[in-house]
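Engineer: As they're listed, the protein sequences go chains A and B. If you read the first sequence in the UniProt record's numbering, its first letter stands for residue 1, the second for the next number, and so on. If you read the second sequence in the UniProt record's numbering, its first letter stands for residue 1, the second for the next number, and so on. For each residue, glycine too, the CB sits at the ideal point set by N, CA and C. One structure follows; several queries about it will come next.
Protein chains: 2
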Amino acid sequence: MNGRHSGRPTLEEVAVRAGVGRGTVSRVINGSPRVSDRAKAAVEAAIAELGYVPNRAARALAGNRTDAIALVIPEPETRLFAEPYFSDIIRGIGAELADTDMQLLLTFIRTPKERARFGQYLAAHRVDGVLLVSVHEDDPLPDLLEQLEMPAVLNGRRSDLESVSYVDADNVGGARAAVAHLFARGRRTVATITGPPDMYVARCRLDGYRQAVEAAGSAGASSELVARGDFTEEGGRRAMRELLVRRPDIDAVFAASDLMAAGARQVLRESGRQVPSDVALVGFEDSAIARHMDPALTSVRQPTEEMGRTMARVLLEEIAERASVRRHVVLTTELVQRDSV
Amino acid sequence: MNGRHSGRPTLEEVAVRAGVGRGTVSRVINGSPRVSDRAKAAVEAAIAELGYVPNRAARALAGNRTDAIALVIPEPETRLFAEPYFSDIIRGIGAELADTDMQLLLTFIRTPKERARFGQYLAAHRVDGVLLVSVHEDDPLPDLLEQLEMPAVLNGRRSDLESVSYVDADNVGGARAAVAHLFARGRRTVATITGPPDMYVARCRLDGYRQAVEAAGSAGASSELVARGDFTEEGGRRAMRELLVRRPDIDAVFAASDLMAAGARQVLRESGRQVPSDVALVGFEDSAIARHMDPALTSVRQPTEEMGRTMARVLLEEIAERASVRRHVVLTTELVQRDSV
DNA sequence: AGCCTTAGTGGGAGCGCTCCCACACCCTCA
DNA sequence: TGAGGGTGTGGGAGCGCTCCCACTAAGGCT
């Protein structure tokens, strides 16, 4: 059944059926304006009658393109895959691609070997473009992409100076709003648990915290109130313990991720403090964890699905136009109020 | 830069460089045994020197295959995407595919239009095989796949009679173990909150519950102790309320999903009951929610990543051998004990 | 009327592979 | 010594498209 000639109609057969040439059928399929209405109608009828579907491989070979983009997920993040954050981004990407006939390739990069292989993929132009999630500051992939002139869009950026196109959330603004909210609720001693300082996103959230502290006219951002975490639950616990030692009088904590907030809450409870009556708590990301914490965690939501959509849209634009104009998009965040503050 | 001839070496160029014919190079690349060691070495050297990477499109066109498989995610489940369950499955699939040069295509099916389009994809043989997650009983896709003789593997099955290849977890055994554990801890009145009865997985978990109840020599599975949920948190709340009305003396609940367990716990707390002292609680899936509930939820873990790996492996086998031998794999589950029982 | 444009069209050439036939070449055996 | 089998090999013929050149027909201008 699966023989050499599978009986599927080809463009040539459509042409015969429609009584036109191969070129005309190709033009109709690709939406060229240089086709008469009569020919177009005939071709469309023939396509419908025959149930013709273009052969992707032939198209790719002849056209020197692939109609496929890769979504690259580096190893350290494959865990994060479980987060609504990622899945929403992917949903967004999928939604944006639905009307296209771009294919979405999922690519995990775990080992240096896989990284090298992916480099070859790129060099061999097996995809028309690349979507990169959660890039680290020292990730060489974006530079490789740029060098190969391969259209690419990052989710987040590596630094202020990011040159490759990216779509990011307003981390500074989100953090600022969260901390401002704590002050507005009458909290005075607002601490923060940061992400790893070598991650741009972590620095942004810390900046937001500092801005809010300053705006509140508080005694300036005392460095005693800043503890370093690493975006993990355990890191959140460690940082919280540290903060309680340094400043037992803390009455609010802004954690730069929900997971760290969860860790912090455990430590707070162990120390006999109630949330929110003794210490208010705000997280970042608005993940499932936030909703299911006790009390439910107030957190900063990023427009994740929209970010995914935007990433895809931006990439498609970059692929469409040959020239490589970089695009930088920053989407606003929103504070989701629950019971922890 | 991206011109017609991109300067990438072709198989022909490799042949010239190695001083052999095109056919020989092809044979080396495809691992044919009918090549002399001398020729093989020469070709491999030439490939390395030139940095040759086969052109996928040309290969697909000439070989009538695609070296790609699709992972299909139907709409109602795109939300579940956020669950570790899915992401682990995908991770497993990715891991298994890493050593292959199979590509993984992500395909969401949201609308009937998209479903139709995907049918065309299949008919046009744009993929070599299909991985299907969370199929519903009335899902026509598996039958379509079978009819098209397209290799396919389901995650879970539609019924006992499932004919298409599948990889499933031992839902019956997992549920049985969970409920047996409740009895072993001295609970007497063990209720269950089921999934929707039109889902095979829900029926399996209910079966497991019944088996354990019978084995415990309890007064048989009183239908009073079985409440119907729908795998959602709200469904869990509703079912729990119902159970408390029918049997206020319940001292344990087995929820067929963690999300329903979370809903149940809320209702239990509202009714003034403590978990686990008054009522013990067990979930299913071992999701992030389970770990972050208060108290942490004892739950049945499925070997999700292993399921993903197995799905990919089975699919690759099915693609490799032309004949369509169906494979049915059931992997064991494990009770993860936490604080809710 | 003659010329130039433009819209619309057909089909050759080629994209880079795999498949497979034909052809050496070597060894065996009678 | 010759027929009969392997092995290993080269290269023609496609796979189904897109690109582009050549061509026709219909109009617009002087």
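Give a yes or no on whether 9 Å exceeds the smallest Cβ distance from I47 of chain B to chain A.
Structural biologist: no
Engineer: When the Cα atoms are used, what is the spatial distance from P63 of chain B to A239 of chain A?
Structural biologist: The residue asked about is misnamed: residue 63 of chain B is Gly in this sequence, not Pro. If you take the alpha carbons of G63 of chain B and A239 of chain A, they lie about 58 Å apart.
Engineer: Hey, could you find the ends of the alpha helix (DSSP H) R117 of chain B is sitting in?
Structural biologist: 112-123
Engineer: May I have the straight-line CA-CA distance separating R59 of chain A from G283 of chain B, to the nearest angstrom?
Structural biologist: 50 Å
Engineer: Could you name each continuous beta strand (DSSP E) segment of 3 residues or more that falls completely within the segment 252-291 of chain B, going from the start of the chain to the end?
Structural biologist: 252-255, 280-284
Engineer: Can you grab the Cα-Cα spacing for the pair M1 of chain B / I319 of chain A, in whole Å?
Structural biologist: Model confidence at M1 of chain B stands at a pLDDT of 34, short of 50, so the residue's coordinates are unreliable; what they give is reported in the following sentence. Note on geometry: alpha-carbon atoms of M1 of chain B and I319 of chain A lie some 14 Å from one another.
Engineer: Using a threshold of 9 Å, state whether the C-beta atoms of V28 of chain B and E44 of chain B are closer than that.
Structural biologist: yes
Engineer: How many whole angstroms separate the CB atoms of R70 of chain B and T107 of chain B, which I take to be in contact at a CB cut-off of 8 Å?
Structural biologist: What sits at residue 70 of chain B in the sequence shown is Ala, not Arg. The pair is a contact, with the Cβ atoms about 5 Å apart (cut-off 8 Å).
Engineer: Per DSSP, what kind of secondary structure is V330 of chain B in: helix, strand or coil?
Structural biologist: strand
Engineer: Can you confirm whether H125 of chain A, when its beta carbon is compared against all beta carbons of chain B, has any partner nearer than 9 Å?
Structural biologist: Residue-level contact check: H125 of chain A touches chain B, since one or more beta carbons of chain B fall below 9 Å from its beta carbon.
Engineer: Rounded to a whole number of angstroms, what is the C-alpha to C-alpha distance between H5 of chain A and L61 of chain B?
Structural biologist: In this predicted model, H5 of chain A has a pLDDT of only 41, less than 50, meaning its place in the structure is not dependable; the value taken from the coordinates is given anyway. Roughly 12 Å between the two C-alpha positions.
Engineer: Exposed or buried, which one is E49 of chain A when buried takes at least 16 other CB atoms within 10 Å?
Structural biologist: It counts as exposed.
Engineer: If you reduce the DSSP assignment to three classes, tell me which class L297 of chain A lands in.
Structural biologist: coil
Engineer: Against chain A, which members of the segment 163-179 of chain B pass a CB distance test of less than 8 Å?
Structural biologist: none
Engineer: For I89 of chain B, which residues in the same chain have their Cβ closer than 8 Å to its Cβ, ignoring the five residues on either side in sequence?
Structural biologist: When the five nearest sequence neighbours on each side are left out, the beta carbons in the same chain lying within less than 8 Å of the beta carbon of I89 of chain B are those of V133, N155, T304, E305, M307, G308, M311, in order along the chain.
Engineer: Using a C-beta to C-beta distance shorter than 9 Å, which residues of chain B count as neighbours of G94 of chain A?
Structural biologist: I73, T78, L106, T107, F108, R110
Engineer: List, in chain order, every chain B residue whose beta-carbon is nearer than 9 Å to that of T66 of chain A.
Structural biologist: The CB of T66 of chain A comes closer than 9 Å to the CB of R56, A57 in chain B, given here in chain order.
Engineer: With distance defined between alpha-carbon atoms, name the residue in B:V329, B:R338, B:Q337, B:L335 nearest to V153 of chain B.
Structural biologist: B:V329
Engineer: Can you give me the start and stop residues for the alpha helix (DSSP H) that Q211 of chain B sits inside?
Structural biologist: Note, Q211 of chain B: alpha helix (DSSP H), 200-215.
Engineer: With a cut-off of 8 Å on the beta carbons, I'd call L259 of chain A and F231 of chain A a contact; round off their distance for me.
Structural biologist: Contact annotation, L259 of chain A with F231 of chain A: C-beta distance approximately 6 Å; criterion of less than 8 Å satisfied.
Engineer: With which residues is Y166 of chain B paired in a DSSP beta bridge?
Structural biologist: B:L154, B:H328
Engineer: Excluding sequence positions up to five away, which residues of its chain have a Cβ less than 7 Å from the Cβ of G236 of chain B?
Structural biologist: I193, G229, A255, L259, M260, A261, A262, G263, A264
Engineer: Out of curiosity, what's the CA-to-CA distance linking residue 343 of chain B and V314 of chain B?
Structural biologist: Missing from the structure shown is residue 343 of chain B; chain B here goes from 1 to 341 and no further.
Engineer: Can you tell which of A:A15, A:D139, A:V226, A:T332 has the C-alpha that lies nearest to the C-alpha of M199 of chain A?
Structural biologist: A:D139
Engineer: Take G272 of chain B and list the residues in its own chain whose beta-carbon comes closer than 6 Å to its own, dropping the five residues that flank it on each side.
Structural biologist: Spatial neighbours of G272 of chain B in its own chain (CB-CB distance under 6 Å, excluding positions within 5 residues in sequence) are not present.
Engineer: From A:R327, A:Q274, A:L141, A:E233, pick the residue whose C-alpha is nearest to that of G195 of chain A; which is it?
Structural biologist: A:E233
Engineer: What is the residue span of the beta strand (DSSP E) that R246 of chain B lies within?
Structural biologist: Segment 233-246 is the alpha helix (DSSP H) holding R246 of chain B; no beta strand (DSSP E) there.
Engineer: What did DSSP end up calling L97 of chain A once you bin it into helix, strand or coil?
Structural biologist: Looking at L97 of chain A - three-state DSSP - the assignment turns out to be helix.
Engineer: For V167 of chain A and L331 of chain A, what's the separation of their Cα atoms in angstroms?
Structural biologist: So the two alpha carbons sit approximately 8 Å from each other.
Engineer: Excluding five sequence neighbours on each side, which residues of the same chain lie with their C-beta closer than 7 Å to the C-beta of R22 of chain A?
Structural biologist: L11, E12, A15, listed in sequence order.
Engineer: Considering just the uninterrupted stretch of the alpha helix (DSSP H) at P54 of chain A, what are its terminal residues?
Structural biologist: Where P54 of chain A is concerned, there is no enclosing alpha helix (DSSP H), given that its DSSP letter is neither H nor E.
Engineer: Mind checking whether A180 of chain B and L225 of chain B have CB atoms under 9 Å apart?
Structural biologist: no
Engineer: How would you call S257 of chain B, buried or exposed, if buried means at least 16 neighbouring beta carbons within 10 angstroms?
Structural biologist: Its Cβ being crowded by 16 or more others within 10 Å, S257 of chain B is buried.
Engineer: Is it buried or exposed, G3 of chain B, if we count other Cβ atoms within 10 angstroms and call 16 or more buried?
Structural biologist: Interpretation of G3 of chain B is limited by its pLDDT of 33, a score under 50 that renders its predicted location unreliable; no figure is taken from the coordinates.
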